[in-house]
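Per my numbering, the sequence shown starts with residue 652, numbered consecutively.
We put the CB at the ideal spot given by N, CA and C, even for glycine.
Remember, predicted model here, so these are calculated numbers, not experimental data.
Here is the structure we will look at, set down as structure tokens.
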Amino acid sequence: MTDWRGRLARGALLAVAAGLLFTLGYDLYARRLLLNPSDAALATRFRAHRAGFDELLVLDRAHLRPADHAIAPREEPRFLAAAARRDDRRRTLARRLGLDGGGPRVADSLISFAASAWLPRHRFDDVKGYAFSPRPPGSLVEDLDAVAVRPRRRGEVLRWHRPLEGDWYLFREVGSRGMR
652 MTDWRGRLAR GALLAVAAGL LFTLGYDLYA RRLLLNPSDA ALATRFRAHR AGFDELLVLD
712 RAHLRPADHA IAPREEPRFL AAAARRDDRR RTLARRLGLD GGGPRVADSL ISFAASAWLP
772 RHRFDDVKGY AFSPRPPGSL VEDLDAVAVR PRRRGEVLRW HRPLEGDWYL FREVGSRGMR
């Protein structure tokens, strides 16, 4: 009779331990997958790694320089090797900064770096991150976390910016599939 009670007690203890581990793991890891980072968290990350963001900006601007194409044709091995090194450096730096997408947007002279959580970004097209623009972008708000997203038409992209430091901004974009 005591044998089944001992197994039941061990099973219950194992279930409680698994529940605790699941709860701790959810709190530590799932939050990054399910919630966009707050404005405060993004600003803190930016200030802690300011030099890295400036270096990433230089790497991304290098793709926009027409002088590179005049000096060496795109097919030349030296040009391709330099571009591959720059891309490797950019990926390494972006990973270290906690960024997962973005890059040059030539049309409005805005360069964006996405830093969103996985699920809102891929499921709801809700992206938050950093943007650099020498001209102040439109739709400036004081708090991206407090922005109420209105219903939008199919294909419509809504974008807001919050000043961060100098020409740097935080952004939130809803409805964009192009940031992936």
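If you look at Pro728, you'll find it in the alpha helix (DSSP H) that goes Pro728 to Leu748. Comparing C-alpha distances from Ile762 to each of Leu672, Gly749 and Pro785 shows the shortest one belongs to Pro785. Boundaries of the beta strand (DSSP E) around Ala765: Leu761 to Ala765. Residue environment: Phe673 is assigned as exposed (fewer than 16 neighbouring CB atoms within 10 Å of its CB, all protein chains considered). The three-state secondary structure of Asp818, taken from DSSP, is coil. The DSSP-derived three-state label of Gly780 is strand.
Rounded to whole angstroms, Glu824 and Tyr781 show a C-alpha spacing of 11 Å. The alpha-carbon of Phe822 is positioned some 7 Å away from that of Leu795.
When rounded, the separation of the alpha-carbon atoms in Glu807 and Asp776 is 11 Å. When the alpha-carbon of Arg737 is set against those of Gly817, Glu706, Trp811 and Ala765, the nearest one is in Glu706. Between Gly749 and Leu664, the alpha-carbon positions lie close to 37 Å from each other. Counting other Cβ atoms within 10 Å of its Cβ, Ala745 reaches 16 or more and is therefore classed as buried. A distance of 9 Å or more separates the beta carbons of Pro688 and Arg698.
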